[in-house]
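Asks: Can you read through this structure? Questions will come right after.
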Amino acid sequence: MDEIFVEVAVPVALYDTFIYKVPLPFKKEDLIGRKVKVPFKYVKHYGIILKVQENTDLQEIKDVFSVEEKVFTQKEINILREISDFYISPIGLTIDYFVPDKIREKNIKDEFLGKVFSVKHTEDSFKHLTQKQKELINLFLENDYLTYQDIKQSGFDKKTLNSLISKGLVEVKEGFTFFKDLTFSSKEKLVYEEVKSLENRIYLFDEFYPEKRFNYYIHLAKKLDGKGVHIVLPSVELCNLYYKEFSKRFKNVEIYHDELSLTHQWNVWQKATKESLILIGTISSMLIPLKDLKVFIVEEEDSKVYKVKRTPKVDVKRVAYYIHKEKKVPVILASSIPSLESFLSFKKGQIIPLISTNPIFIKNLKVIPHKNINEDLIKIKEIVLKSKNTLIVANKGYYSSFLFCERCGWQANCQKCGFHLTVHIENGKKYLECSRCKSKYEYISTCPECDFRLTESGFGKEKIEISLKKTISQDFWNKFKVVSSVELKTLTLGKYESVINVYPDFLLEFPDFRSSEFFLRKVFLPLTVCIKNYIIITNQEKYILQYINHNTVNIKAFLEKELEKRKKLRLPPFIKTVKLEIENFKLKTEILDSFILNFFKNLNLLKKILSDNKGLYIFEYKKEEEKTLFKEFYKEASKRFKVSIEVNPIDFE
107 MDEIFVEVAV PVALYDTFIY KVPLPFKKED LIGRKVKVPF KYVKHYGIIL KVQENTDLQE
167 IKDVFSVEEK VFTQKEINIL REISDFYISP IGLTIDYFVP DKIREKNIKD EFLGKVFSVK
227 HTEDSFKHLT QKQKELINLF LENDYLTYQD IKQSGFDKKT LNSLISKGLV EVKEGFTFFK
287 DLTFSSKEKL VYEEVKSLEN RIYLFDEFYP EKRFNYYIHL AKKLDGKGVH IVLPSVELCN
347 LYYKEFSKRF KNVEIYHDEL SLTHQWNVWQ KATKESLILI GTISSMLIPL KDLKVFIVEE
407 EDSKVYKVKR TPKVDVKRVA YYIHKEKKVP VILASSIPSL ESFLSFKKGQ IIPLISTNPI
467 FIKNLKVIPH KNINEDLIKI KEIVLKSKNT LIVANKGYYS SFLFCERCGW QANCQKCGFH
527 LTVHIENGKK YLECSRCKSK YEYISTCPEC DFRLTESGFG KEKIEISLKK TISQDFWNKF
587 KVVSSVELKT LTLGKYESVI NVYPDFLLEF PDFRSSEFFL RKVFLPLTVC IKNYIIITNQ
647 EKYILQYINH NTVNIKAFLE KELEKRKKLR LPPFIKTVKL EIENFKLKTE ILDSFILNFF
707 KNLNLLKKIL SDNKGLYIFE YKKEEEKTLF KEFYKEASKR FKVSIEVNPI DFE
């Protein structure tokens with residue numbers, strides 16, 4: 107029997123691929139994209155076949171242990187190579203990000219993945235529980251159900267969860283069959299009488315109101331007979347809502363995200379390769395080989411949620427571009443306010459407008475100067491009592507943003523990652539939480555350094571909601587809702603007669619060149635849920651009004667001005683950058699710094715931050731070939747240092 111040699115990518119932090127033998131009667135073209143189990147060093151590892159070849163110069167070649175499921179086609183392999191090259195990411199780790207969880211055998215061991223949990227209301231049996239168990243029960247009572255991810259992010263471990271399951275207080279169900287009750291709240295029916303056929307182009311869809319974009323997708327899917335449509339969304343919540351609404355109108359609709367069970371994920375993956383359907387998913391669904399793909403849509407393309415935190419640190423728009431390039435399908439990049447990158451590409455003619463969008467009107471705009479939270483709360487209360495329903499948008503979800511000592515300057519920081527702690531309140535009891543790693547700590551009221559009384563600074567959703575409920579009759583509680591700006595999603599919130607945007611100015615205080623852009627996005631986006639009265643509590647009235655003429659918002663003028671500023675200051679997206687993070691506990695920072703600056707001496711250093719045994723560097727590159735230097739550095743340095751590489755980082759400062 108003839109031997110076939112295959113090039114395999116293994117999910118390890120190496121840029122190399124590996125050659126193995128496949129002594130099986132497979133067709134060569136059928137091997138590409140399959141999962142294999144291979145001997146790698148002293149363990150059995152999974153890999154994906156990238157290429158088939160008839161011979162090799164290597165002397166000792168090991169056999170694969172098994173050839174298993176088909177995961178990708180040649181087109182996805184080509185896209186994965188492009189992603190790996192651009193983001194200087196090992197091909198094995200790049201593939202590992204996009205494969206379904208079932209393929210990553212290390213994740214299969216957790217029996218709680220893909221499950222949801224709900225409490226049984228037998229309150230008499232809650233009396234003899236530990237404090238931790240009671241806290242988890244209270245969390246359940248505040249929600250219809252919780253996913254395993256929700257429970258972990260709230261600071262509870264598997265031991266506590268298992269103890270409640272064993273006591274019969276918590277029941278387990280498959281996640282897919284147990285959605286939250288999401289309602290498509292928009293009553294506006296925008297009918298597109300004619301949805302034009304799309305060319306093989308990349309389109310910018312900057313319709314301001316998300317419900318109008320949703321209705322366009324419905325009509326587009328009808329034109330395509332409910333087949334070959336792939337919609338990518340930034341959150342599981344939106345995926346569930348889109349799935350629910352599309353399923354009412356079309357027969358063959360599937361959903362894919364990381365909170366589904368492993369079995370369901372894999373079933374959807376396999377079905378999508380065999381049938382032309384409507385696929386709705388998060389970023390992890392992007393490289394599912396959907397049969398007869400006709401259009402690829404990225405909704406809320408400007409969302410920071412799409413920027414993944416593990417290697418490869420990809421941008422959703424670039425992955426969509428590679429899909430367009432390889433699969434020759436139209437791509438729609440959609441959002442209420444386009445990202446600057448997409449707007450610049452639009453100005454250059456690289457992407458084209460999808461439809462002519464309508465002006466954005468404000469019926470009643472009122473700007474209230476911000477003085478202090480107490481005065482603001484009085485004004486908010488007055489508006490709530492006069493309106494039929496009111497949405498209050500706070501910039502953060504916490505109670506207070508900082509806890510510090512005015513005497514000695516001590517600040518509450520996380521013991522694990524060093525990030526500042528925010529103050530939260532639950533059941534009337536305050537606690538501290540790290541907004542970066544989610545570690546929780548007991549609240550303290552006096553300074554551990556000088557014993558002076560600590561001060562809370564800033565405010566968020568929790569403080570506004572608690573303060574209002576203390577001063578407003580319970581009869582009015584159902585007439586207002588408080589959300590953080592992150593939770594501001596039209597399709598899940600509905601429309602409100604009055605919308606109050608509470609002090610978005612804090613974004614301007616950050617030493618970040620994007621602060622003015624972030625500020626204006628936070629100012630304009632609440633208009634997507636506003637029917638009549640828009641109230642902004644801000645000290646930046648003149649700055650805001652320069653983009654509002656005759657009650658019409660000029661989004662394009664705002665984007666133009668931001669691009670002009672970036673170009674003048676030579677900032678992204680007008681320059682290309684690579685962020686390099688190094689960590690080593692055995693080498694002095696000065697030696698590490700000298701080594702790195704010498705290695706990249708031919709590149710322009712834009713920023714450097716040094717701390718104990720750590721270094722952060724941002725370099726500018728002009729040609730793609732210059733990025734090979736970072737790959738060489740990784741190969742040399744990763745044996746001694748912990749190295750992280752991010753191309754065009756979103757948190758460039």
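Numbering-wise, my numbering comes out as the position in the sequence shown, counting from 1, plus 106.
All residues carry an ideal CB built from backbone N, CA and C; glycine is no exception.
(1) Using the beta-carbon count (16 or more within 10 Å), is residue 557 buried or exposed?
(2) What residue from 643, 125, 742, 202 has the CA that sits closest to residue 391's CA?
(3) Cutting at 6 Å between CB atoms, please list the residues of its own chain near residue 195, excluding the five before and the five after it.
(4) What first and last residue would you give for the alpha helix (DSSP H) that runs through residue 322?
(5) To which residues of the same chain is residue 531 closer than 7 Å at the C-beta, ignoring the five residues directly before and after it?
(6) Would the beta-carbon of residue 626 fall within 9 Å of that of residue 680?
(7) Tell me which same chain residues have a C-beta within less than 6 Å of the C-beta of residue 512, skipping the five on either side of it?
(8) For residue 119, does the count of other Cβ atoms within 10 angstroms reach 16, so buried, or fall short, so exposed?
(9) Is it the case that the stretch 685 to 694 contacts the stretch 706 to 723, given that we only count it when at least three CB pairs across the two stretches are under 8 Å?
(10) With DSSP collapsed to three states, give me the class of residue 234.
(11) Is the stretch 372 to 382 close to the stretch 305 to 313, with three or more CB pairs under 8 Å?
(12) Quick check on this structure: which residue in 546, 314, 270 has the alpha carbon closest to the alpha carbon of residue 240?
(13) Would you call the stretch 397 to 411 and the stretch 441 to 448 touching, i.e. three or more CB-CB distances under 8 Å?
(14) When you compare each of 243, 727, 414 to residue 273 by their alpha carbons, which one comes out closest?
(15) Can you give the Cα-Cα distance for residue 760 and residue 632, rounded to whole angstroms?
(16) Does the stretch 448 to 466 touch the stretch 305 to 324, meaning 3 or more C-beta pairs lie closer than 8 Å?
(17) In angstroms with no decimal places, state the Cα-to-Cα distance between residue 359 and residue 389.
(18) Just to confirm the assignment, what range does the alpha helix (DSSP H) spanning residue 424 have?
(19) Along the chain, where does the beta strand (DSSP E) containing residue 521 start, and where does it finish?
(20) Identify the continuous alpha helix (DSSP H) that holds residue 370 and give its terminal residues.
(21) Would you call the stretch 173 to 185 in contact with the stretch 421 to 433, where contact means no fewer than 3 C-beta pairs closer than 8 Å?
(22) If you draw a straight line from the alpha carbon of residue 292 to that of residue 638, how long is it in whole angstroms?
(23) Is the beta carbon of residue 164 closer than 9 Å to that of residue 123?
(24) Once the 5 residues before and after residue 588 are set aside, which same chain residues still bring their CB inside 7 Å of it?
(25) Please classify residue 772: is it buried, with 16 or more other beta-carbons within 10 angstroms of its beta-carbon, or exposed?
(26) Within a Cβ cutoff of 6 Å, which residues of the same chain sit near residue 472, ignoring the five residues on either side of it in sequence?
(27) Does the contact criterion of 3 or more C-beta pairs under 8 Å hold for the stretch 603 to 610 versus the stretch 314 to 331?
(28) If residue 153 and residue 176 are in contact, beta carbons under 8 Å, what's the gap, nearest whole angstrom?
(29) Which class does residue 309 belong to by DSSP, given the choice of helix, strand or coil?
(30) Whose C-beta lies closer than 8 Å to the C-beta of residue 380 among residues of the same chain, with five residues either side of it excluded?
Replies: The structure says:
(1) exposed
(2) Minimum Cα distance to residue 391 is reached at 202.
(3) 417, 418
(4) 316 to 329
(5) 505, 568, 572
(6) no
(7) 561
(8) It is exposed - the Cβ of residue 119 has fewer than 16 other Cβ atoms within 10 Å.
(9) yes
(10) Looking at residue 234 - three-state DSSP - the assignment turns out to be coil, as it is neither helix nor strand.
(11) no
(12) 270
(13) yes
(14) 243
(15) Since the first residue of the chain shown is 107 and the last is 759, residue 760 is not available in this structure.
(16) yes
(17) 17 Å
(18) 422 to 433
(19) Neither: residue 521 is in no beta strand (DSSP E) and is coded neither H nor E.
(20) 368 to 380
(21) yes
(22) Low local confidence applies: a pLDDT of 47 at residue 292 is under 50, so the model's placement there is unreliable, with the coordinate-based value given in what follows. Those two C-alpha atoms are separated by around 15 Å.
(23) no
(24) 498, 500, 567, 570, 571
(25) Lying outside 107 to 759, the shown extent of the chain, residue 772 is not represented and no answer is given.
(26) 641
(27) no
(28) With 8 Å as the limit, residue 153 and residue 176 do not qualify as a contact, their Cβ atoms being about 14 Å apart.
(29) DSSP, reduced to helix, strand and coil, places residue 309 within a strand of the structure shown.
(30) 397
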